[in-house]
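Colleague: Taking my numbering, the leading residue of the sequence shown gets 837, the next gets one more, and so forth.
Yeah, the Cβ is synthetic: ideal placement off N, Cα and C, and Gly gets one too.
Since the model is a prediction, treat every value here as computed from it, not as a measurement.
Supplied in structure tokens, the structure appears directly below.
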Amino acid sequence: MVPAFLALSSTPPNLTKLEKDLTAIAKAFRGRLGYCVVDLTTGKRISFNGEDIFPTASTIKTSVALEALCEVDEGQHKMTDKYPLLPTEKRQASMWTYLMKDGTSLDIDGYVNLMIGVSDNTATMTMQDFIGSKPVNQRMEKLGLLHTKILGHRTDRDNQESVWQQKFGWGMTTPREQARLYELLYQHKAASPAVCEKLLRILSRQYWDDITPTMCPIDVKVCSKTGSVNQSRSEVAIVYASRPYVLAMYTADQQDQRWVHDNDGLVALRNISKLVWNTFEPNRPFELPKGYDKFAPTGGGA
């Protein structure tokens, strides 16, 4: 006999009710919140503020990683090619590359895994210097993602990009565009199948796992990337449920700017993620054990 939860892929989720419930969370949020959900079985999607532009924070790193892997795939580089880390005075604090000796060089494999797996900012900035930022934006444009751009850590911004950088910081995007990017990755259409497969495997290994990865059972594969700045929290994820889906969530202009586990933005994103899981997997509701919040990732205190 097939377990009930394994048979759910043939049961379409009630997206109309889900959209109503998620939009209620978004409208009640103290700030601006947008989301997009894609049912990967049918391609149907729901969203709220889905075409509004939000700060990417670290979710832009998926685009940088995609460009780096594509350049390897196209023969411009090898994964073993090395590039020196930024000097100490130009690094951002972390418990990873920030603590490495000046003069240290890492290869593309190291940088891509650090920037995605632990969201190391210095690794990302070094990778930008290595491959350039314009190629990242050009690749997003080729995918039809016209509002997804890396803006920070650049000296080659035009006037419009400088205006955007002042408003959005490191990068800009929309929930619908991020959902589309991850949908293309899932379909192995964002680049070659080999590149998509590699990036998905890297995205499945997250240190910052306190939103969607902890809103579903531990045996469910999740490929995700989070982002955080003072006024914004974000996450994009593919959840390999029996009926897989993509979830992109972004906040901006948050009133709550505390760097704590119960920040309003994080709470809203977790509530959204929980609702989406329970809608796609109604026979397999999930709750974290009581007290689990004590073990939320901290970044090592750096």
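#1: Since Asp943 is in the beta strand (DSSP E), which residue starts that stretch and which ends it?
#2: Over what stretch of residues does the beta strand (DSSP E) that includes Lys1061 continue unbroken?
#3: I need the boundaries of the beta strand (DSSP E) containing Ser955, first residue and last residue.
#4: Where are the alpha helix (DSSP H) runs, 4 residues long or more, that stay fully inside the segment 1044–1123, in chain order?
#5: Do Asn1107 and Ile861 have their C-beta atoms closer together than 8 Å?
#6: Just to confirm the assignment, what range does the beta strand (DSSP E) spanning Pro1133 have?
#7: My understanding is that Leu1035 touches Ala901, with C-beta atoms under 8 Å, so please give their C-beta distance in whole angstroms.
#8: I'd like to know if the segment 949–958 and the segment 922–935 are in contact, where contact means that at least 3 CB-CB pairs between them fall below 8 Å.
#9: Of the residues Ala864, Val873 and Lys1003, which one's Cα is nearest the Cα of Phe1116?
#10: Sort out for me which residues DSSP pairs Phe1144 with in a bridge.
#11: Specify whether the segment 1003–1021 and the segment 974–985 touch according to this definition: at least 3 beta carbon pairs, one from each stretch, less than 8 Å apart.
#12: Could you tell me which of Arg993, Gln1091, Leu979 and Asn973 sits nearest to Arg866, measuring between CA atoms?
#13: From Lys853 to Asp1089, what distance separates their C-alpha atoms?
#14: Inspect the beta-carbon positions of Ile1038 and Asn949 and report whether they are closer than 8 Å.
Modeller: Let me spell this out:
#1: Ser941 to Asp943
#2: Val1058 to Val1065
#3: No beta strand (DSSP E) holds Ser955; DSSP gives it neither H nor E.
#4: 1100–1116
#5: yes
#6: Looking at the DSSP string, Pro1133 is not in any beta strand (DSSP E), and its letter there is neither H nor E.
#7: 6 Å
#8: yes
#9: Val873
#10: Since the first residue of the chain shown is 837 and the last is 1138, residue 1144 is not available in this structure.
#11: yes
#12: Gln1091
#13: 27 Å
#14: yes
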